Amino acid sequence: MRVVIAEDLLLLREGLKRLLAELGCTVVAAVDHPDALLDALDRERPDVAVVDIRLPPTYRDEGLRVAIEARRRQPGTPILILSQYIEQTYVRELLADSDGGVGYLLKDRVSEVTEFLAALETVAAGGTVLDPKVIGRLVNRLARADTLAELTPREREVLKLMARGLSNSAIGTELSITERAVCKYINRIFSKLGLPPTDSANRRVLAVLHYLDDGDRRG
Amino acid sequence: MVANALTGLRALALLLNWPVSAIRHRPRMPAVGRLVERQSRVDTMVLGPLPAERATPAREVLWLVFQAVLGPAVLGLSVVMWAIALFSVSTPLWWRLGPPAVIFIPVRDTTSSVIAALYGLILLLLAAACSHGLPRWHARVGRTLLEGPDRSRLTRRIATLTASRTGVLEVQAAELRRIERDLHDGAQARLVSTGMLLGLLDMRLRELPDSRELLREARAEIGEALQELRDVVHGVYPPILTDRGLAGGIESLAERAGAALAGIAVTVDVPGRLPVALESTVYFVVAEALTNVTRHSGANRVEITVRSDRARVRVEVLDDGRGGADELRGTGIAGLRRRVAAFDGGLSLISPVGGPTALRAELPCVS
Numbered sequence: 053m054r055v056v057i058a059e060d061l062l063l064l065r066e067g068l069k070r071l072l073a074e075l076g077c078t079v080v081a082a083v084d085h086p087d088a089l090l091d092a093l094d095r096e097r098p099d100v101a102v103v104d105i106r107l108p109p110t111y112r113d114e115g116l117r118v119a120i121e122a123r124r125r126q127p128g129t130p131i132l133i134l135s136q137y138i139e140q141t142y143v144r145e146l147l148a149d150s151d152g153g154v155g156y157l158l159k160d161r162v163s164e165v166t167e168f169l170a171a172l173e174t175v176a177a178g179g180t181v182l183d184p185k186v187i188g189r190l191v192n193r194l195a196r197a198d199t200l201a202e203l204t205p206r207e208r209e210v211l212k213l214m215a216r217g218l219s220n221s222a223i224g225t226e227l228s229i230t231e232r233a234v235c236k237y238i239n240r241i242f243s244k245l246g247l248p249p250t251d252s253a254n255r256r257v258l259a260v261l262h263y264l265d266d267g268d269r270r271g
Numbered sequence: 007m008v009a010n011a012l013t014g015l016r017a018l019a020l021l022l023n024w025p026v027s028a029i030r031h032r033p034r035m036p037a038v039g040r041l042v043e044r045q046s047r048v049d050t051m052v053l054g055p056l057p058a059e060r061a062t063p064a065r066e067v068l069w070l071v072f073q074a075v076l077g078p079a080v081l082g083l084s085v086v087m088w089a090i091a092l093f094s095v096s097t098p099l100w101w102r103l104g105p106p107a108v109i110f111i112p113v114r115d116t117t118s119s120v121i122a123a124l125y126g127l128i129l130l131l132l133a134a135a136c137s138h139g140l141p142r143w144h145a146r147v148g149r150t151l152l153e154g155p156d157r158s159r160l161t162r163r164i165a166t167l168t169a170s171r172t173g174v175l176e177v178q179a180a181e182l183r184r185i186e187r188d189l190h191d192g193a194q195a196r197l198v199s200t201g202m203l204l205g206l207l208d209m210r211l212r213e214l215p216d217s218r219e220l221l222r223e224a225r226a227e228i229g230e231a232l233q234e235l236r237d238v239v240h241g242v243y244p245p246i247l248t249d250r251g252l253a254g255g256i257e258s259l260a261e262r263a264g265a266a267l268a269g270i271a272v273t274v275d276v277p278g279r280l281p282v283a284l285e286s287t288v289y290f291v292v293a294e295a296l297t298n299v300t301r302h303s304g305a306n307r308v309e310i311t312v313r314s315d316r317a318r319v320r321v322e323v324l325d326d327g328r329g330g331a332d333e334l335r336g337t338g339i340a341g342l343r344r345r346v347a348a349f350d351g352g353l354s355l356i357s358p359v360g361g362p363t364a365l366r367a368e369l370p371c372v373s
């Protein structure tokens, strides 16, 4: 996997380079500025870009803005955003273009090396990865707001994992159930929520996330 | 007093020189300013510190005349009084040496000289009182001449204090932001980096399950530390305020609280950006209100409204919970009151038993 890193802190930039190399990825560029990231994305066309949300010049949410800009220029540019804190607003903005190939994780998740690699692969493959914290909040909130009241606790669990971008088999492993059981849960969730059934895992995640997000705004 | 006399003489010199310098178009005011400054140091010794403000030119000229006349006069009067007093007190020592003298009474014998000495003693006390009181009176009148009556001085002083307090609050907010940045770039980054190293180590130790168990614990610790640090950072200066301003910050708070509520309505109508310190205070007022709502009120719906015009910001958090919120229990509201008071703002909590509860705060927009 060819990866571009955008991180302004030397310590973390070097750490990520080392980690990704160890995981068998090729770091084709490691930059510390949004403009340099846009250049690198244009030049290298990487499989995925890992972008710190806080970048110069103002050290606010430049990472997010540049990600949205890059995806406006080249739809579907795969970008995984890393941040020290999670904001729902940012999730909404990141998912706005419905093209897939995005992720938003807390920085600490990087230390779960295998999961981090899986997240990178998902985003590179056009999937969507969201931090468990994001999903947890969305689902809890909608459960309170009666939007998800019809779902059983188990179905909610499956929904959360699905929204995080996990595959059927990964969901099965997580909940210690068979993949077929997972499929059955998912079909039931979709029919209860009135979502159109779809085969593509990515479309499925997006459908769920948009459902959650819309419900969130309605609530 | 001697210093008074000196500035007085200098004032006289300046006054006398005035027509000459007016003809030569030489600016006189800096010299007057320096003199006023020197005098104010003298006055400070007598009356205590006073705000450093430059008086208006008209007042300075008035003071110049006053100082030129009374500066030397006060010294002169004191010197004369002391001289007469000492002269009189010592009458019994010298009355025999010279021709008969009149010291309050005609001095002809020892008895009359002692009576004269007693008069001298009274005069001595009077001189001492003058030496003590005259400079004070002189300084006070001089200060009033320079700065106007107490009332207008106080008004100006209040304006100065208000401005300096705003400055202090802004400095404090900037400092908190700096701490937030330092934590983000320092401790938080190092912990993440350590986590990455442990993750790598974990990968290499696949064949040693025992060691991996320890590693998992270490990583869990780092995760906890990061979470705690995030909470601290959030309490110091919420990063979302830097990123998205007050509206974004309030939305984010509503988002967090929303998980425990059926509905939450947010209206933020704030044109432009408020001063940093004010923004974070408004943010924390709403945050504390929402914490109370979700913890104690059992409310289903909450309405948050933040509005500002040029003069003030109004914050209102309404909930349909069970009410009966007691400000004296817990420290949250008291803490908010202090925060709001620092801006000359007010905070009210209306929470009848059975609800609804309304928390309102109003803060002036000083900048």
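In order, the protein sequence lines correspond to chains F and G.
Numbered according to the working numbering, the first sequence spans residues 53 to 271.
Numbered according to the working numbering, the second sequence spans residues 7 to 373.
Idealized CB from N, CA, C, for every residue including glycine.
The structure displayed is predicted, hence computed values, not measured ones.
Are there 16 or more other CB atoms within 10 angstroms of the CB of residue i, so buried, or fewer, so exposed?
i: G:GLY14; result: buried
i: G:ILE339; result: buried
i: G:ILE384; result: Residue 384 of chain G cannot be examined here, being either before or after the span of chain G that is shown, 7 to 373.
i: G:VAL374; result: Summary: the structure shown does not reach residue 374 of chain G, with chain G confined to residues 7 through 373, and so no result is reported for it.
i: G:SER158; result: exposed
i: G:PRO33; result: Summary for G:PRO33: the model assigns pLDDT 49, below 50, so the residue's position carries little reliability; its value from the coordinates is reported in the next sentence. Burial call: exposed.
i: G:LEU131; result: exposed
i: G:ALA376; result: Absent from the structure is residue 376 of chain G, since the part of chain G shown begins at 7 and ends at 373.
i: G:HIS31; result: Summary for G:HIS31: the model assigns pLDDT 49, below 50, so the residue's position carries little reliability; its value from the coordinates is reported in the next sentence. Per the 10 Å Cβ criterion, exposed.
i: F:ARG124; result: exposed
i: G:GLN233; result: exposed
i: G:ILE256; result: buried
i: F:ILE238; result: buried
i: F:ARG112; result: buried
For residue i, which option in the options has the closest C-alpha, if you only look at C-alpha atoms?
i: F:LEU147; options: F:ALA215, F:ARG97, F:VAL162, F:ALA222; result: F:ALA215
i: G:PRO362; options: G:ALA266, G:VAL299, G:VAL8; result: G:VAL299
i: G:ALA317; options: G:ILE109, G:GLU257, G:PRO281, G:LEU18; result: G:PRO281
i: G:TRP197; options: F:GLY153, F:LEU64, F:LEU157; result: The displayed chain sequence assigns Leu, not Trp, to residue 197 of chain G. Of F:GLY153, F:LEU64, F:LEU157, the residue nearest in Cα terms is F:LEU64.
i: F:SER243; options: F:GLU207, F:CYS77, F:GLU121; result: F:GLU207
i: G:ALA224; options: G:LEU99, G:LEU204, G:LEU152, G:LEU284; result: G:LEU204
i: F:THR180; options: F:HIS85, F:SER150, F:ILE241, F:LEU90; result: F:SER150
i: G:ARG313; options: G:TYR289, G:ASP237, G:ASP188; result: G:TYR289
i: F:GLY247; options: F:LEU264, F:ARG70, F:PHE168; result: First, the residue type needs correcting, since residue 247 of chain F is Leu and not Gly in the sequence shown. Ranking F:LEU264, F:ARG70, F:PHE168 by Cα distance to F:LEU247 puts F:LEU264 first.
i: G:ALA9; options: G:SER46, G:LEU21, G:GLY39; result: G:SER46
i: G:ALA331; options: G:ALA91, G:LEU369, G:GLU294, G:LEU252; result: G:GLU294
Since residue i and residue j are thought to touch, with beta carbons under 8 angstroms apart, how far apart are those beta carbons, to the nearest angstrom?
i: F:ALA101; j: F:PRO130; result: 7 angstroms
i: G:ALA364; j: G:LEU324; result: 5 angstroms
i: G:ARG307; j: G:ASP326; result: 5 angstroms
i: G:HIS190; j: F:ARG106; result: 7 angstroms
i: F:ASP99; j: F:ALA222; result: Actually they are not in contact, since the Cβ atoms of F:ASP99 and F:ALA222 sit about 20 angstroms apart, beyond 8 angstroms.
i: F:ASP183; j: F:LEU158; result: 5 angstroms
i: G:GLN178; j: G:ALA283; result: 7 angstroms
Can you tell me which of the three DSSP states residue i falls into?
i: G:ALA367; result: strand
i: F:ILE229; result: coil
i: G:ALA17; result: helix
i: G:SER137; result: helix
i: G:ASP275; result: strand
i: F:ALA177; result: coil
i: G:TYR289; result: helix
i: G:ALA104; result: The sequence as given places Gly at residue 104 of chain G; Ala does not occur at that position. In this structure, G:GLY104 counts as coil in the three-state DSSP scheme.
i: G:PRO244; result: coil
i: G:ALA268; result: coil
i: F:TYR156; result: strand
i: G:ARG187; result: helix
i: G:PRO112; result: strand
i: G:ARG212; result: coil
i: G:ARG32; result: In this predicted model, G:ARG32 has a pLDDT of only 48, less than 50, meaning its place in the structure is not dependable enough to derive any value.
i: F:ARG216; result: coil
i: F:LEU134; result: strand
i: F:ALA58; result: strand
i: G:TRP69; result: helix
i: G:LEU280; result: coil
i: F:LEU247; result: coil
i: F:LEU264; result: helix
i: G:TRP143; result: helix
i: G:LEU83; result: helix
i: F:LEU182; result: strand
i: G:THR62; result: coil
For residue i, verify whether its CB is less than 7 angstroms away from any heavy atom of the ligand COA.
i: F:ARG112; result: Because no ligand of any kind appears in the structure shown, any question about the ligand COA cannot be addressed here.
*Jot down the residue ranges of each uninterrupted beta strand (DSSP E) in the region 65-129 of chain F, minimum 3 residues, whole runs only, in chain order.*
78-83, 100-104
_4 or more residues per run - each alpha helix (DSSP H) lying fully within the region 292-370 of chain G_ = 338-347
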